[in-house]
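Quick note: the sequence shown uses this note's numbering, first residue 2, plus one each step.
Where is the CB? At the ideal position from N, CA and C, for every residue including glycine.
All of these numbers come straight from a predicted model, not from anything done at the bench.
The structure appears below as structure tokens.
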Amino acid sequence: MNRVIPTSGRTYGFGYDANGNRTSITMPNGVVHQLGYNRINLDNSYTPPNNPAYGTSYSLDREWVRTALPSGRIVNGN
């Protein structure tokens with residue numbers, strides 16, 4: 002995990018997978034945000050602390066197709 006300590010003195014932590022994708026962000030208060038990736042390293046999920054995940058889908062051309070919001074709403078691409 003890499004850490005960043007800005008001039009405020011608060012420490013932010015970052016976790017990475019074997020492919021170098023950022024998989025977590027740890028806030029100074031210890032709260033963790035999770036990030037997920039598909040098999041071709043495109044981001045496909047974000048899970049905020051204590052909340053349901055957002056999910057993202059891509060076409061075979063790696064273009065964004067849709068995002069599923071925690072509310073169940075689907076946001077479609079063009």
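- Under the three-state reduction of DSSP, alanine 69 is assigned to strand.
- If you compare the alpha carbons of Asn30, Thr8, Asn20 with that of glycine 14, the shortest gap goes to Asn30.
- Bridge partners of serine 46 according to DSSP: Gly37, Gly56.
- CA-to-CA, the gap between glycine 37 and aspartate 18 works out to about 10 Å.
- Asparagine 79 and alanine 69 have their alpha carbons spaced roughly 15 Å apart.
- Linking serine 72 to asparagine 52 through their CA atoms gives a straight-line distance of about 10 Å.
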